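Q:
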Amino acid sequence: MSLDRIVLAAPRGFCAGVAYAIEIVELALKAHGAPVYVRHAIVHNRHVVESFERQGVIFVEDVNAIPSGSVVVFSAHGVSPTVRADAHARGLRVIDATCPLVTKVHNEARRYAAAGFLMVYIGHRGHVEAEGAMGVAPDRMILVETPEEAEALQLPPHDRLALVTQTTLSVDEVNATTAVLRRRFPHLEQPKKEDICYATTNRQGAVKALAERSQAVIVVGDPTSSNSNRLAEVAEASGARSIRVMSPEEIPAGFLDGVSEIGITSGASTPEELVENIIGRLLETSPNAPIEVLETVEEKVAFLPHRDLIALAQAKG
Amino acid sequence: MESRGTAERLVYALGIRLCGPIGFRPEERASGTVVDADIIARLAPSVRVGSLEDSVDYAALCRLAHAEAAAETELLETLAEEIADEVFARWPQVDAVQVKLIKPAAPVDLPVQGLGFRLTKIRPGGLPWGGAA
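Protein sequences, first through last, are from chains A and B. So for the first sequence, this note's numbering puts the first residue at 1; every next one is plus one. So for the second sequence, this note's numbering puts the first residue at 1001; every next one is plus one.
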C-alpha cells in the first residue's frame, strides 16, 4: 500500500472553547499550584487529560469528593446548577472553564424556563454537556436523541414549547430531528441564534470537502468525543471510508487498501500532536506522498479567560 | 438624609472586545468577527443606593456578552436583543438596558471607523431612556 497524497482538513482540531478550557487549567495550575481539581475530563481527550494528570491535576466526577477549600475547574462541557451549588456548599474555589457557547445555551434554557416554556433538548443521552444543560430546568426539559425518538415523543400538557440543542451535534442530524419536531409541534419556538457550535459546523464542512475527494478519511479523536464521532459519520455519509482513531496503532489492517489519497482531520478536543503521529506512521509506508492542506475556512474566533486569573498566574509565574 | 429630586443610575461596561461567529455573510460566521460592545444597565428607581446585592456585577456583565457572542448570529440586532434579554433575566433590578454593538472591521469597501447597531430596551412600565434624570 502506498499513498499518492495525504490531505489535511483545515480547520481541524482545537476549537476556541477547547483552547479556552485548556488555557484556564494551565493558568489555574500556575496561579494556585497543584493539586487543581477538575470536574470531569476538561475536554474529551485522554491525551490531554493524562498530560494534566502528570502536572498535578486531579479529575473527579463528583465535586463532593473534593476536599473543601480546594480549587476546582468546571470542564468545557458545563455543569448543572446542582453541581454549582454542591461546589459552593463545600467551600470550593470555582474557576469556570465552561465553553461560552454552552453557557449561552444554559442562559437560554433558564430564560425559557422562567417564561413557562416546556423544552425539547436535542442531545446525546448520558453526554456530560447534555446532563449539565438538562440540569438547568430538569422538570421542564425532555431529551430527544434521534428523528425516530422525535417521531414517538409524547409531551405532557404545556402552553409553550421551545427547542434547545447540544452544541457539538452534526448540523444535518439536528436538522433532521428538528424537522420532525416542527411538523409534529408547529408551535415549537426556536432560539433566535444557533446552538450548534461554529467550530463543529466548520469542521463538518471541512471533512465533507475532504471526503468528496479522498477515498478514505481518518478522524483523529477520542472515542468519548461527540464531535469526533460525528466527523467520522459525516465523512462516511459523504462517500469516503472513514474511521475514528486516537493513535496509528488503531488503524485497522486493510483500511488503506486501494486508497491513493487519504484525508485526515481531528475533533475539536484533539491535540495536533496526535494528528502528527498519524501522519508520521503513514509516511513510513509512503515516504514520497506530498502533504496538502485543504482549507475551507480560516478561523479567528477566540475566547478570553478571566483577566484576574491571568494576572494571578503571571504574578506566580 | 432622604435624597430629593430624581436620579438615573447607570452601570457601564464599555468597549468589551468580542470575537464570535457573527455576521450576515457566511464567511463572517465561519471565520469569526470582532465586535465591540457597550452595555449600559439602568437600575430601577426602587434600588437602594449603595446596596451591594442590588448592584450589577461588571465582570458578569462582560462575561454575559462573551457567552452570547459565542453563538452563530447573522444580525447584530439579534445579538443585542439576546444580550438585553439576558441582562433582564439576570438582574431584576435593571429596568432598562442599552446595548451598542460595533464591528470595527465590517466588510464594506469604504473606509469606516465601524458599523453597528444600538438597542435600548425598557421593561414594561419603565421610564423612557434618559427620562429618569
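Note that the Cβ used here is the ideal one computed from N, Cα and C, for glycine as well. Treat the numbers as computed from the prediction; the structure is a model and nothing was measured.
1. Note the first and the last residue of the continuous beta strand (DSSP E) segment covering A1013 of chain B.
2. Can you list, in chain order, the residues of its chain with a C-beta nearer than 6 Å to that of E189 of chain A? Leave out the 5 residues immediately preceding and following it.
3. Which residues of chain A have a Cβ atom closer than 7 Å to the Cβ of A1067 of chain B, listed in chain order?
4. For K1121 of chain B, name the three-state secondary structure that DSSP assigns.
5. For L1079 of chain B, would you say it is in contact with chain A, using Cβ-to-Cβ distances shorter than 9 Å as the test?
6. How is the alpha helix (DSSP H) around T201 of chain A delimited, first residue to last?
7. Please classify I58 of chain A: does DSSP put it in a helix, a strand, or coil?
8. Taking a Cβ distance cut-off of 7 Å, strictly less, list which residues of the stretch 1098-1110 of chain B are near chain A, in chain order.
9. With a cut-off of 8 Å on the beta carbons, I'd call R160 of chain A and L143 of chain A a contact; round off their distance for me.
10. Could you pull the start and end residues of the alpha helix (DSSP H) that L283 of chain A belongs to?
11. Give the list of continuous alpha helix (DSSP H) stretches no shorter than 4 residues that lie fully inside the stretch 53-119 of chain A.
12. Would you say V297 of chain A lies against chain B (beta-carbon separation less than 9 Å)?
13. May I ask you to list, following chain order, the residues of the stretch 1082-1097 of chain B that have a beta carbon less than 7 Å from some beta carbon of chain A?
14. In chain order, what are the residue ranges of uninterrupted alpha helix (DSSP H) at least 4 long that sit wholly in the stretch 9-56 of chain A?
15. When the Cα of A1080 of chain B is compared with those of B:V1108, B:L1043 and B:V1097, which residue comes out closest?
16. Would you mind reading off the limits of the alpha helix (DSSP H) that contains K316 of chain A?
17. Would you check if the distance between the CB atom of G1020 of chain B and the CB atom of A1059 of chain B is smaller than 9 Å?
18. Please check if any C-beta of chain B sits within less than 9 Å of the C-beta of A16 of chain A.
19. Are the beta-carbon atoms of V219 of chain A and V259 of chain A separated by less than 9 Å?
20. Going straight from the alpha carbon of G1125 of chain B to that of G1015 of chain B, what length do you get?
21. Do I1122 of chain B and V1099 of chain B count as a contact pair if the criterion is CB distance below 9 Å?
22. Restricting to Cα atoms, I'd like to know which of A:A76, A:A150 and A:S68 is closest to F185 of chain A.
23. Using a Cβ cut-off of 9 Å, which residues of the stretch 198-210 of chain A contact any Cβ in chain B, in chain order?
24. Closer than 9 Å by beta-carbon distance: list the chain B residues that pair up with I114 of chain A, in chain order.
25. Can you name, in chain order, every residue of its own chain whose Cβ lies under 8 Å from the Cβ of V25 of chain A, other than the five neighbours on each side?
26. Could you tell me the distance, in whole angstroms, from the CA atom of A1007 of chain B to the CA atom of R1063 of chain B?
27. Listing by chain order, which chain A residues have their CB less than 7 Å from the CB of G1032 of chain B?
28. Using 9 Å as the threshold, is the C-beta distance between A109 of chain A and A137 of chain A below it?
A: Per the coordinate set shown:
1. R1009 to G1020
2. A162
3. P100, T103, K104 and N107
4. strand
5. yes
6. Y198 to R213
7. strand
8. none
9. That belief does not hold up - the Cβ atoms of R160 of chain A and L143 of chain A are roughly 18 Å apart, past 8 Å.
10. E272 to T285
11. 81-89 and 100-114
12. yes
13. E1082, D1085, E1086 and A1089
14. 16-32 and 46-54
15. B:V1097
16. R307 to K316
17. no
18. yes
19. no
20. 29 Å
21. no
22. A:A150
23. Y198, A199, T201, N202 and G205
24. In the sequence as displayed, the identity of residue 114 of chain A is Ala instead of Ile. Under the 9 Å cutoff, chain B gives A1089.
25. V36, V38, I42, F52, V57, V73 and A97
26. 28 Å
27. E299, K300 and V301
28. yes
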